[in-house]
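**Q**
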Amino acid sequence: MLYHVRMDVRLPPDLDPAERTDIIAREKAYSQQLQREGKWPQIWRIAGEYANFSILDVADHDELHTLLSGLPLFPYMDIEVTPLAAHPSKVTG
Numbered sequence: 565m566l567y568h569v570r571m572d573v574r575l576p577p578d579l580d581p582a583e584r585t586d587i588i589a590r591e592k593a594y595s596q597q598l599q600r601e602g603k604w605p606q607i608w609r610i611a612g613e614y615a616n617f618s619i620l621d622v623a624d625h626d627e628l629h630t631l632l633s634g635l636p637l638f639p640y641m642d643i644e645v646t647p648l649a650a651h652p653s654k655v656t657g
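One gets our numbering by counting positions in the sequence shown from 1 and adding 564 to each.
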């Protein structure tokens, strides 16, 4: 199943700088592993914001929730999920 996901990161301004660096490094490693596994085929930065649009390709809603809640930045994110369906006008090739 494909999902369009918007993730807005809202780190507290008083977060310890060492903890911030650690969380961001763990987030990058986790997300890149999911990309290598094919579960996170697209990620796009939203210019001017600490946010991204992503396409996630997982088996079901439960796997999506597990994947998202496993993100180290999850406690600091606002997340919007839109399930995607095939469009009948899409040209296949």
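Using N, Cα and C, we set each Cβ at its ideal position, and we do this for glycine too.
Model, not experiment: these values are computed from the prediction.
1. Tell me, please, which residues DSSP counts as bridged to residue 646.
2. Quick check on DSSP: helix, strand or coil for residue 615?
3. For the alpha helix (DSSP H) that contains residue 600, what are its first and last residues?
4. Say whether the region 647-657 touches the region 583-597, bearing in mind that this needs 3 or more beta-carbon pairs closer than 8 Å, one atom from each stretch.
5. Take residue 608 as the anchor and find which of 618, 581, 565 has the nearest alpha-carbon.
**A** Well, looking at it:
1. When beta bridges are read from the DSSP output, residue 646 appears opposite 568.
2. Reduced to three states, the DSSP call for residue 615 is strand.
3. That run of the alpha helix (DSSP H) goes 581-600.
4. They do not touch, by the three-pair rule.
5. A check of alpha carbon separations from residue 608 across 618, 581, 565 identifies 618 as the nearest.
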